[in-house]
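Below is one structure; the comments refer to it alone.
Numbering (this note's numbering), first residue to last: 2 to 148.
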């Protein structure tokens, strides 16, 4: 089993607005709160949390993950539903044997119909959704435990 020493926590569009954007759906925690929570829970694991509103930048980070063989927690946000380019980048990572866990703060299946489809889920190692910031915590625990 490989010991995890670093995890990329990648976040897509609008997640920089966590804490103020629809708190009744996404909660009141910010990405910085999530970073702090994960760092506190992951003794000895470097949590590299990033956010972008740019699809190309997110894909570049996934290429970095496959090259460095770094496990990924990915909240693709709106890209979940339509970005085949992101899907293909996730597939590059998982096909190389590097885990990618797709996370969502809310449960997309309990929301609008267009959110029910994820083009990413089929190539991700696993999916965790609906537990607020706890979705990230559960993903981290799985990566540290070994997927």
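Where a beta carbon is used, it is the ideal one built from N, C-alpha and C, also for glycine.
Using only the alpha-carbon positions, how far apart do residue 31 and residue 19 sit? 5 Å
Is there contact here, the segment 127–135 with the segment 82–96, by at least three beta-carbon pairs under 8 Å? no
May I have the straight-line CA-CA distance separating residue 89 from residue 125, to the nearest angstrom? Each residue's Cα considered, the two are about 10 Å apart.
Of the residues 101, 82, 145, which one's Cα is nearest the Cα of residue 74? Comparing Cα positions, the closest option is 101.
Quick test of your reading: residue 13 and residue 76, contact by CB under 8 Å. State the CB separation rounded to the nearest angstrom. 6 Å
Quick one: what does DSSP say residue 70 is sitting in, helix, strand or coil? Here residue 70 carries a coil assignment [DSSP, helix/strand/coil].
Might you give, ordered along the chain, the residues of its own chain that have their beta carbon closer than 7 Å to the beta carbon of residue 122, omitting 5 neighbours on each side? 103, 128
Looking at the unbroken alpha helix (DSSP H) that takes in residue 34, where does it start and where does it end? 32–42
In terms of residues, what are the limits of the alpha helix (DSSP H) holding residue 5? No alpha helix (DSSP H) holds residue 5; DSSP gives it neither H nor E.
Cα-Cα separation, residue 99 to residue 56: Each residue's Cα considered, the two are about 21 Å apart.
Taking the alpha carbon of residue 144 as the reference point, which residue from 33, 84, 42 has its own alpha carbon closest? 42
The beta strand (DSSP E) that contains residue 128, what's its start and end? 127–130
How about residue 59 and residue 87: are their beta carbons less than 8 Å apart? Yes; because the gap between Cβ atoms is below 8 Å, this pair is in contact.
If you draw a straight line from the alpha carbon of residue 47 to that of residue 78, how long is it in whole angstroms? 23 Å
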